[in-house]
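Peer 1: Structure below; questions to follow.
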Amino acid sequence: MITAIGTGATGFIGSNFVRLLFKETNVHVVIVDQLTYAGHPATLIDIQNDGRVTVLQEDITGEQTI
Ligand SMILES: NC(=O)c1ccc[n+]([C@@H]2O[C@H](COP(=O)([O-])OP(=O)(O)OC[C@H]3O[C@@H](n4cnc5c(N)ncnc54)[C@H](O)[C@@H]3O)[C@@H](O)[C@H]2O)c1
Numbered sequence: 055m056i057t058a059i060g061t062g063a064t065g066f067i068g069s070n071f072v073r074l075l076f077k078e079t080n081v082h083v084v085i086v087d088q089l090t091y092a093g094h095p096a097t098l099i100d101i102q103n104d105g106r107v108t109v110l111q112e113d114i115t116g117e118q119t120i
């Protein structure tokens with residue numbers, strides 16, 4: 055199985071892209087998202103039980119936040 059990484063994919067564009075991927079392909083998606091005000095796992099509520107998505111809360115810049 056192919057695994058894709060979706061950065062920022064609990065946001066508007068990314069979550070809809072993941073939805074399209076699930077509809078069109080068999081990929082598994084690992085979402086890496088900082089979960090800022092703009093991102094929330096609830097945006098994926100319709101596909102979170104699909105079994106093909108994993109959400110990791112990380113800052114892709116690698117910067118430490120306090
Ligand atoms: N209903 C609508 O039509 C609607 C709703 C929202 C946004 N928009 C439009 O969509 C565009 C923006 O969408 P988008 O998806 O690019 O942005 P977004 O702000 O919706 O999502 C960005 C995502 O990236 C994440 N993120 C930000 N910095 C990060 C970091 N350092 N590391 C990891 N994750 C990080 C955020 O937590 C968020 O989930 C704008 O043009 C906006 O006007 C439209």
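Just so we're aligned: 116 in the numbering used here is position 62 of the sequence shown, and the numbers increase by one with no gaps anywhere.
Cβ atoms here follow ideal geometry from the backbone N, Cα and C, with glycine treated the same way.
Since we're looking at a predicted model, the values are computed, not measured.
Rounded C-beta distance between ILE59 and VAL84? I'm assuming under 8 Å.
Peer 2: Going by Cβ atoms, the distance from ILE59 to VAL84 rounds to 5 Å, so yes, they are a contact pair.
Peer 1: Which residues share a DSSP beta bridge with ALA58?
Peer 2: Answer is VAL83, bridged to ALA58.
Peer 1: Indicate the three-state DSSP secondary structure (helix, strand or coil) for THR108 in the structure shown.
Peer 2: Looking at THR108 - three-state DSSP - the assignment turns out to be strand.
Peer 1: Grab me the residues of GLN111's own chain with a C-beta within less than 6 Å of its C-beta, minus the 5 sequence neighbours each way, in chain order.
Peer 2: The answer, listed in chain order, is LEU89.
Peer 1: Between the Cα of LEU162 and the Cα atoms of GLY65, ILE101, PRO95, GLY93, which residue gives the shortest distance?
Peer 2: With the chain covering 55 to 120 only, the question about residue 162 has no answer from this structure.
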